[in-house]
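Asks:
2 protein chains.
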Amino acid sequence: MTDQNFADRLSAAIRAKRTSTCVGIDPLYERLPADISERAGFDDESDNECALDAVREFCRAVIKIVAPLVPVVKINAAFFETYYGPGLEAYFDLVQEARSRGLIVIGDVKRGDVGHSSAAYAQAHLSHPSLRDADELMIPDAITVNPYFGLDGVKPFIDAARRDQKGVFVLVQTSNESAVNIQGAKLADGQTVAQSIARMVHEWSGDDGLIGSCGYSSIGAVVSPRDAASTAVLRSLMPRCFFLVPGFGAQGRDSGDVAPCFNPDGGGAIVTASRSVIYAYEEMKYIELYASEWEKCVERACRDFISAVASATKP
Amino acid sequence: MTDQNFADRLSAAIRAKRTSTCVGIDPLYERLPADISERAGFDDESDNECALDAVREFCRAVIKIVAPLVPVVKINAAFFETYYGPGLEAYFDLVQEARSRGLIVIGDVKRGDVGHSSAAYAQAHLSHPSLRDADELMIPDAITVNPYFGLDGVKPFIDAARRDQKGVFVLVQTSNESAVNIQGAKLADGQTVAQSIARMVHEWSGDDGLIGSCGYSSIGAVVSPRDAASTAVLRSLMPRCFFLVPGFGAQGRDSGDVAPCFNPDGGGAIVTASRSVIYAYEEMKYIELYASEWEKCVERACRDFISAVASATKP
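Read top to bottom, the protein sequences are chains B and V.
Quick note: the first sequence uses our numbering, first residue 868, plus one each step.
Quick note: the second sequence uses our numbering, first residue 868, plus one each step.
Printed below as a string of structure tokens:
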């Protein structure tokens, strides 16, 4: 078990790789490279186990490709839960695989419930499992958490983060279109719901034992940029929170959009691309370069993503 | 696969059992009855598998006890995820066990994400698994869903509900204390965030193919009552939604509190009690009656719960 603050570990990993990027792993069997799905060896279409094996093989390969390039991967539990219990097992296997390769791993689980249930989710997804027959590396370094329950629904995750030197990214502004209907709603005091949650996250992030020597807190926020002005407001409301920035690439955000997520010193954010990197072998511009060599497509797309984000953080 | 609308099935189950109640299953190993945990046969404290077996045995017994009494059980995935993959497998086993006993089963998973991820969660937790090697009965009749992403994050669940005659309960007002900080925040137009979400849920609940012949929709809402006036507002905003009403018993709500969750005809709500029923053998009033016969304590507490709710629905 590491005894270093999560924000410090994240900062060190960003410094070491010289990029504030994260590859998101959202695998769908239907989109796997042909040479993996063809080898899957189905007896019939309903063979869940073979599909899961193929998904796992693909994800392991992607992790191996991106591990030397990016500091962080984010693994989305949704795409594993479709395979029920064995799927969740594969999710934890892949967390372990990525952590073993030195990556910081964010478990994108978006959990949240009333306190005693959140405590169970925190134990499952964030707590050091030393007293259970599980490997320490199978638990992610951080997870994403839904704030709809307010502080007492988030607190068990914060407590686990403090105790086990883990991180929490609270959803503040998400990347989907209808997010604006709730998160963007104006409150009576003039701020939006997202801004009001940002203030709460800022407060939570300052709790004892959470701020690393880098100045950032282990409690961060998921912030998908909309217009530059509103992103700047969120940035100023949560100065010591790392922003986990989704929506790059397939979801339409570019380097101009993500720039205001960074602090003036060029730090404080990690930009995530998922489908635009892991499915790069579906895109003509990479097929033209590498034909069916899908690993090369993914590697190149990852490098292109890193360059695009670098241009956002240049002064 | 049933081809009957979820709301109609729920209504029929409530009529058949003559009670609008649901037992919530939130099992913690530490609180299991001594005669189950003592038999668990640990080699050492970290033996996860034995603990999970004991939890499963307990839940099966509870389901068997309450199945003749209540129409609905709610199984909380959080308490199974602490056992990782095998835990999620146990969750689905218990859904199957409860459905096999004729219960309506609500999977209390509180999932929610951007659209393509919600689609994966919907496939895992709500969709008919006929094309995957899984039993139809292992998928719950309905699940709970978090609305923080807005419509496009909820829509995949609604679509699955429509297609496979399932139900969705959208979190509107939860039972925890700090819920009020976000859900109770006043918007510029004078309504609260919870009320604004209630309006959305009402709109979603009217979509084609969702309203049963009973007049209710397959899209319901999680509404934990606060004061009677605000509950009445939520009730009037969502007239055709079933309310799933948590917080009875251990979380402090009583029959007076839940009364305004019902429509004037005494229908439209299901009241849930979890810890006050399943851990009844910890309470002196039941120990005095049945000593260490824990099953009898649970059965009696379930009957007491049903009586308490009946008094809330009397005209």
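Don't be surprised by glycine CBs; every beta carbon is placed ideally from N, CA and C.
For the beta strand (DSSP E) containing T1098 (chain B), name the first residue and the last one.
Replies: As a first step, residue 1098 (chain B) must be located in the first sequence, where it is residue number 231. From DSSP, T1098 (chain B) is part of no beta strand (DSSP E) but of the alpha helix (DSSP H) over 1095-1104.
Asks: Do you know offhand how far Y896 (chain V)'s Cα is from S904 (chain V)'s?
Replies: As a working mapping, residue 896 (chain V) is identified with position 29 in the second sequence. As a working mapping, residue 904 (chain V) is identified with position 37 in the second sequence. The straight-line gap from Cα to Cα measures roughly 8 Å.
Asks: From A1158 (chain V) to A907 (chain B), what does the alpha carbon distance come to, in whole angstroms?
Replies: Counted from its first residue, the second sequence places residue 1158 (chain V) at position 291. Counted from its first residue, the first sequence places residue 907 (chain B) at position 40. Spanning the two alpha carbons is a distance of roughly 56 Å.
Asks: Is it true that the segment 928-936 of chain V meets the segment 944-954 of chain V, where meeting means three or more beta-carbon pairs spaced less than 8 Å apart?
Replies: No: the two stretches stay apart, fewer than three of their Cβ pairs being nearer than 8 Å.
Asks: Please determine, among V:Y1153, V:N1043, V:K941, the residue with the shortest C-alpha to C-alpha distance to G982 (chain B).
Replies: Taking the first residue of the first sequence as 1, we reach residue 982 (chain B) at position 115. Of the candidates V:Y1153, V:N1043, V:K941, the one whose C-alpha sits nearest the C-alpha of G982 (chain B) is V:N1043.
Asks: For the alpha helix (DSSP H) that contains K931 (chain B), what are its first and last residues?
Replies: Along the first sequence, read from residue 1 onward, the residue named residue 931 (chain B) stands at position 64. Taken as a continuous stretch (DSSP letters only), the alpha helix (DSSP H) holding K931 (chain B) covers 915-933.
Asks: Starting from R1142 (chain B) and walking both ways along the alpha helix (DSSP H), at which residues does that stretch end?
Replies: Numbered from 1 along the first sequence, position 275 holds the residue referred to as residue 1142 (chain B). Residues 1142-1145.
Asks: Please report the straight-line C-alpha distance between A1096 (chain V) and P1131 (chain V), rounded to a whole angstrom.
Replies: Reading the second sequence from its first residue, position 229 is the one you call residue 1096 (chain V). Reading the second sequence from its first residue, position 264 is the one you call residue 1131 (chain V). Approximately 15 Å, taken between the alpha carbons.
Asks: To the nearest angstrom, how far is it from the Cα of F1109 (chain B) to the Cα of F1024 (chain B)?
Replies: Position 242 of the first sequence, counting from 1, holds the residue named residue 1109 (chain B). Position 157 of the first sequence, counting from 1, holds the residue named residue 1024 (chain B). Each residue's alpha carbon lies about 16 Å from the other.
Asks: Work out the CA separation of R978 (chain V) and S984 (chain B) for me, nearest whole Å.
Replies: Translated into the one-based positions of the first sequence, residue 984 (chain B) becomes position 117. Translated into the one-based positions of the second sequence, residue 978 (chain V) becomes position 111. Approximately 13 Å, taken between the alpha carbons.
Asks: Counting only beta-carbon atoms, is S984 (chain B) nearer than 8 Å to chain V?
Replies: If you number the first sequence from 1, residue 984 (chain B) lands on position 117. So yes, S984 (chain B) belongs to the interface.
Asks: Can you confirm whether L1104 (chain V), when its beta carbon is compared against all beta carbons of chain D, has any partner nearer than 8 Å?
Replies: Among the protein chains in the structure shown, which are B and V, there is no chain D.
Asks: By the three-class DSSP mapping on this structure, what secondary structure does I1064 (chain V) have?
Replies: Looking up residue 1064 (chain V) in the second sequence gives position 197. Correct three-state label for I1064 (chain V): helix.
Asks: Taking the alpha-carbon positions, what's the Q1040 (chain B) to N915 (chain B) distance?
Replies: What you label residue 1040 (chain B) is simply residue 173 of the first sequence in a count that begins at 1. What you label residue 915 (chain B) is simply residue 48 of the first sequence in a count that begins at 1. Cα to Cα, Q1040 (chain B) sits roughly 34 Å from N915 (chain B).
Asks: As a quick exercise: from B:H1069, B:S1085, B:S887, B:L899, pick the residue whose alpha carbon is nearest that of E1162 (chain B).
Replies: Working through the first sequence from its first residue, we reach residue 1162 (chain B) at position 295. Minimum Cα distance to E1162 (chain B) is reached at B:L899.
Asks: Would you list, in chain order, the members of the segment 1031-1049 of chain V that have their beta-carbon closer than 9 Å to a beta-carbon of chain B?
Replies: Within the segment 1031-1049 of chain V, the residues whose Cβ lies closer than 9 Å to some Cβ of chain B are L1038, T1041, S1042, N1043, E1044, S1045, A1046, V1047, N1048, I1049, listed in chain order.
Asks: For Y1083 (chain B), collect the residues of the same chain with a Cβ closer than 6 Å to its Cβ; drop the 5 residues on either side in sequence, then sort them by chain order.
Replies: By one-based count along the first sequence, residue 1083 (chain B) stands at place 216. Cβ within range, chain order: A874, R1107, F1109.
Asks: Buried or exposed for L877 (chain B), going by 16 or more other Cβ atoms inside 10 Å?
Replies: Within the first sequence, numbered from 1, the residue matching residue 877 (chain B) stands at position 10. Looking at its Cβ environment, which holds 16 or more other Cβ atoms inside 10 Å, L877 (chain B) is buried.
Asks: From which residue to which residue does the alpha helix (DSSP H) around T1180 (chain V) run?
Replies: Taking the first residue of the second sequence as position 1, residue 1180 (chain V) is located at position 313. From DSSP, the alpha helix (DSSP H) with T1180 (chain V) extends over 1161-1180.
Asks: Suppose contacts are defined by Cβ-Cβ distances below 8 Å. Is I1137 (chain V) in contact with V1100 (chain V) by that definition?
Replies: Here residue 1137 (chain V) refers to the residue found at position 270 of the second sequence. Here residue 1100 (chain V) refers to the residue found at position 233 of the second sequence. Taking 8 Å as the Cβ cut-off, I1137 (chain V) and V1100 (chain V) do not qualify as a contacting pair.
Asks: Considering only residues of the same chain and omitting the five flanking positions on each side of I881 (chain V), which have a CB-CB separation below 6 Å?
Replies: Here the question's residue 881 (chain V) lines up with position 14 in the second sequence. Answer for I881 (chain V): S887, P938, listed in chain order.
Asks: Buried or exposed: where does Q1062 (chain B) fall if 16 or more other Cβ atoms within 10 Å of its Cβ makes it buried?
Replies: Sequence index remark: in the first sequence, residue 1062 (chain B) carries index 195 (1-based). Buried, because 16 or more other Cβ atoms sit within 10 Å of the Cβ of Q1062 (chain B).
Asks: Report yes or no: is there a C-beta of chain V within less than 8 Å of the C-beta of L1018 (chain B)?
Replies: Within the first sequence, the letter at position 151 stands for residue 1018 (chain B). Cβ-Cβ to chain V under 8 Å: yes for L1018 (chain B).
Asks: If you draw a straight line from the C-alpha of R1030 (chain B) to the C-alpha of S1080 (chain B), how long is it?
Replies: To locate residue 1030 (chain B), count along the first sequence from 1; it is residue 163. To locate residue 1080 (chain B), count along the first sequence from 1; it is residue 213. If I take the Cα positions, the gap works out to 17 Å.
Asks: Output the distance between the C-alpha atoms of R885 (chain B) and V940 (chain B), rounded to the nearest integer angstrom.
Replies: Translated into the one-based positions of the first sequence, residue 885 (chain B) becomes position 18. Translated into the one-based positions of the first sequence, residue 940 (chain B) becomes position 73. Using only the alpha carbons, I get a separation of about 15 Å.
Asks: My guess is that I1006 (chain V) and H995 (chain V) are in contact by the Cβ rule of under 8 Å, so how many angstroms apart are they, rounded?
Replies: Numbered from 1 along the second sequence, position 139 holds the residue referred to as residue 1006 (chain V). Numbered from 1 along the second sequence, position 128 holds the residue referred to as residue 995 (chain V). Sure, about 7 Å apart at Cβ, within 8 Å.
Asks: Let me know the secondary structure DSSP gives K941 (chain V) once reduced to three states.
Replies: Looking up residue 941 (chain V) in the second sequence gives position 74. The answer is strand: DSSP assigns K941 (chain V) an E or B state.
Asks: What do you reckon, are the CB atoms on K1033 (chain B) and S1085 (chain B) nearer than 8 Å?
Replies: As a position in the first sequence, residue 1033 (chain B) is number 166, starting the count at 1. As a position in the first sequence, residue 1085 (chain B) is number 218, starting the count at 1. With contacts defined as CB atoms closer than 8 Å, K1033 (chain B) and S1085 (chain B) qualify as a contacting pair.
Asks: Below 7 Å between beta carbons is the criterion; list the residues of the segment 954-988 of chain V that meet it against any residue of chain B, in chain order.
Replies: Answer in chain order: L955, E956, F959, K977, G979, D980, V981, G982, S984, A987, Y988.
Asks: Taking Cβ positions, are P894 (chain B) and C917 (chain B) nearer each other than 8 Å?
Replies: Residue mapping note: residue 894 (chain B) aligns to position 27 of the first sequence, counting from 1. Residue mapping note: residue 917 (chain B) aligns to position 50 of the first sequence, counting from 1. Their beta carbons are not under 8 Å apart, which means P894 (chain B) does not touch C917 (chain B) by this criterion.
Asks: Count the other CB atoms, across all protein chains shown, that sit within 10 Å of the CB of L1156 (chain B); report buried if there are 16 or more and exposed otherwise.
Replies: Taking the first sequence and counting its residues from 1, one reaches residue 1156 (chain B) at position 289. Classification for L1156 (chain B): exposed.
Asks: D1002 (chain V) CB to nearest chain B CB: under 8 Å?
Replies: Start at 1 with the first residue of the second sequence, and residue 1002 (chain V) comes out as number 135. Chain B contact via Cβ: absent.
Asks: Tell me I1025 (chain V)'s beta-bridge partners as DSSP assigns them.
Replies: Position 158 of the second sequence, counting from 1, holds the residue named residue 1025 (chain V). Its beta-bridge partners do not exist; DSSP assigns none.
Asks: Can you list the residues of chain B that F1024 (chain V) reaches, using a CB-CB cut of under 8 Å?
Replies: Against the second sequence, residue 1024 (chain V) aligns to sequence position 157. Ordered by position in chain B, no residue passes the 8 Å Cβ test against F1024 (chain V), which lies about 12 Å from the chain.
Asks: Cβ atoms of G954 (chain V) and A1140 (chain V): under 8 Å apart, would you say?
Replies: Mapped onto the second sequence, residue 1140 (chain V) falls at position 273. Mapped onto the second sequence, residue 954 (chain V) falls at position 87. Not a contact, by the Cβ cut-off of 8 Å.
Asks: Quick one: residues in its chain with C-beta nearer than 7 Å to the C-beta of A1166 (chain V), no 5 flanking neighbours on either side, listed in chain order?
Replies: Here residue 1166 (chain V) refers to the residue found at position 299 of the second sequence. The residue you asked about is not Ala; residue 1166 (chain V) is Glu in the sequence shown. Result list for E1166 (chain V): I932, in chain order.
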